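Visitor: Following the numbering used here, the numbering of the sequence shown begins with 2 at its first residue and continues without gaps.
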Amino acid sequence: MNNRVAVAKVSEFQRENLIRDMEQQILSIASRVSGRRITTSDDEWSIALWAFNSSIDSYIEGKGDYLSYARKRIKSALDEYREGEKMRTQVEIPFAPDMLIGDGRNLVLEMVSRETEIEEVRSAEEEVVRAEIAELGGVLKDYGFSFFDMAGHTPRGAARTECSKIITYLKANRTVLNAVIDEGKVPAGLLSAKTGVSLGTISKYDKYILMAAVVAGGGFPTIADYIR
């Protein structure tokens with residue numbers, strides 16, 4: 002396993018194969034941490050998948066068993082998610098209608114304020130990110146693919162620099178950007194001619210480019226910070 006991870010660090014193809022081979026294992030870990038059966042339709046699956054993919058990059062060869070390391074990363078990510086959900090639930094305190102008037106209403110508002118004021122700043126950005134990811138996931142689904150399909154097709158190193166050229170061009174040419182978003186297609190020939198990026202690179206990372214175009218179109222400010 003450790004050797005496969007080392008190869009997956011530098012090979013998008015091998016990374017994708019590793020993630021697909023480990024899908025059931027990732028689901029199993031997520032289920033144990035969550036205390037219930039997790040499927041690919043659950044938010045916990047997306048979080049666990051992200052943590053596993055991220056652990057490939059952060060794992061240091063020779064520092065122990067990779068799978069144990071990945072389990073810890075997945076558990077940590079899911080624990081943070083559950084804590085955020087817990088805080089959100091605590092804010093949504095149910096109360097009787099008569100508590101909305103007079104001193105009763107003031108008491109409820111004071112209770113909510115005291116309970117959340119310390120955590121709300123820390124968790125606010127996490128809530129925004131989760132909301133943006135969920136919304137973006139819905140858009141990608143309309144295009145016929147998901148974050149999972151992109152797991153082995155995220156540009157790194159020189160490829161990321163090349164893809165950045167395309168995103169910069171799209172941001173500067175709103176008509177082309179809007180066409181990409183509306184049609185859900187990446188005009189490889191046009192983008193290659195305008196940016197000098199090879200057709201092979203554009204074809205390989207077309208899903209990433211389409212996702213980045215949607216983000217550049219607006220409505221995803223937090224995610225945009227991660228893909229600039």
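The C-beta atom is built at its ideal place from N, Cα and C for all residues, glycine as well.
Please read all numbers here as calculations on a predicted model, not as lab measurements.
1) Touch check for the region 179-196 and the region 128-138: three-plus C-beta pairs under 8 Å?
2) State the CB to CB distance for the pair ILE168 and VAL215, rounded to an integer number of angstroms; the pair is presumed to be in contact (CB under 8 Å).
3) Just tell me which of ASN54, ALA135, SER35, SER193 has its CA closest to the CA of LYS76.
4) Could you check where the alpha helix (DSSP H) with VAL187 kicks off and where it finishes?
5) Quick one: Cα of ASP143 to Cα of THR162, how far?
6) Could you tell me if ALA132 is buried or exposed, where buried requires 16 or more neighbouring beta carbons within 10 angstroms of its beta carbon?
7) Given a cut-off of 7 Å on the beta-carbon distance, is the pair VAL8 and ILE57 in contact?
8) How many Å lie between CYS164 and ILE210 at the Cα?
9) Would you kindly report the start and end of the unbroken alpha helix (DSSP H) that includes ILE20?
10) Take the Cβ of GLU17 as the centre, count every other Cβ of all protein chains shown within 10 Å, and call the residue buried at 16 or more, exposed below.
11) At the level of alpha carbons, what is the spacing between SER47 and SER32?
12) For LYS64, tell me which candidate among GLU13, ASN3, SER55 has the shortest Cα-Cα distance.
13) Does the Cβ-Cβ distance between ILE30 and ARG72 come in under 7 Å?
14) Does the distance from the CB of ARG74 to the CB of ALA49 come in under 7 Å?
15) On a Cα-Cα basis, can you pick out the residue from SER204, LYS10, LEU79 that is closest to ILE39?
Guide: This is what the structure holds:
1) Result no; under three Cβ-Cβ pairs closer than 8 Å.
2) Contact between ILE168 and VAL215 is absent: CB atoms are separated by about 11 Å, not below the 8 Å threshold.
3) Closest by alpha carbon: SER35.
4) For VAL187, there is no enclosing alpha helix (DSSP H), as DSSP gives it neither H nor E.
5) Roughly 27 Å separates the two Cα atoms.
6) By the 10 Å Cβ count, ALA132 comes out exposed.
7) Between VAL8 and ILE57, the gap from beta carbon to beta carbon reaches 7 Å or more.
8) Going from the Cα of CYS164 to the Cα of ILE210 covers about 7 Å.
9) Looking at the DSSP string, the run of the alpha helix (DSSP H) that includes ILE20 is 13-22.
10) Under this definition GLU17 is a buried residue.
11) Distance between the alpha carbons of SER47 and SER32: 13 Å.
12) Ranking the options by Cα distance to LYS64, first place goes to ASN3.
13) Yes, the Cβ-Cβ distance between ILE30 and ARG72 is below 7 Å.
14) Going by C-beta atoms, ARG74 is not nearer than 7 Å to ALA49.
15) The shortest C-alpha separation from ILE39 is found at LEU79.
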